Amino acid sequence: MFGISNGELLVILFILIVIVGPRRLPELVREFAKFYKAFIKAYEQAKNDIKQNIDIDNEDVEDLKKIRDLKNMTSLKNIKNIKDINPAEKIKSEWKSLIEEAKKEQEPKKTQSDEEKPK
1157 MFGISNGELL VILFILIVIV GPRRLPELVR EFAKFYKAFI KAYEQAKNDI
1207 KQNIDIDNED VEDLKKIRDL KNMTSLKNIK NIKDINPAEK IKSEWKSLIE
1257 EAKKEQEPKK TQSDEEKPK
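Throughout the sequence shown, residue numbering follows my numbering, covering 1157 to 1275 in sequence.
Listed below in C-alpha cells is the structure:
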C-alpha cells in the first residue's frame, strides 16, 4: 500500500502514538479513513468523467471520419463533371450538324459547265 513496507508503517504508527496520544489515535484514524474514502470516490468520479469524455470524443472522431469518407466519395469535381455532361446540348449540336449535312446534299452541285454559262 503506497509503497510503504511493514517496518516503515510501524515507525509511522509509533510516531503518531507519541505525537497524538493513544486516546486520540482511533479518532484520527477514523478521520483519515473518511478523508481517504472521499478522496478515492472523487478520484474514481474524475476518472470516469475523463473516460466518458474520451469516449464521446472518439465518437465525434468516428463521425468526422465518416463525413470525410462521404465527401471523398462524392467530391465536387465528380459532381462538376456530371454537371458538364449536358445531353440536351449534345443532341442539339448533333441535330444541327445533321441538318447542315442534309442542306449541303440538297444544294445542286456546281459543275464546270454551270460556271461557264452566262448569266
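For each residue, glycine too, the CB sits at the ideal point set by N, CA and C. Here the structure is a predicted model, which is why all the values come from computation and not from measurement.
query, result
"What does a CB cutoff of less than 7 Å around LYS1173 pick up in its chain, not counting 5 residues either side in sequence?", "Checking the displayed sequence, the identity of residue 1173 turns out to be Ile instead of Lys. Only LEU1181 meet the Cβ criterion."
"Round the Cβ separation of VAL1176 and LEU1166 to the nearest angstrom and send it over; I've been treating them as touching at under 8 Å.", "Contact doesn't hold; Cβ gap of about 16 Å is too wide."
"I'd like the ranges of any alpha helix (DSSP H) spanning at least 4 consecutive residues and lying wholly in the segment 1172-1254.", "1181-1229, 1232-1240"
"According to DSSP, simplified to helix, strand and coil, what is GLY1163?", "helix"
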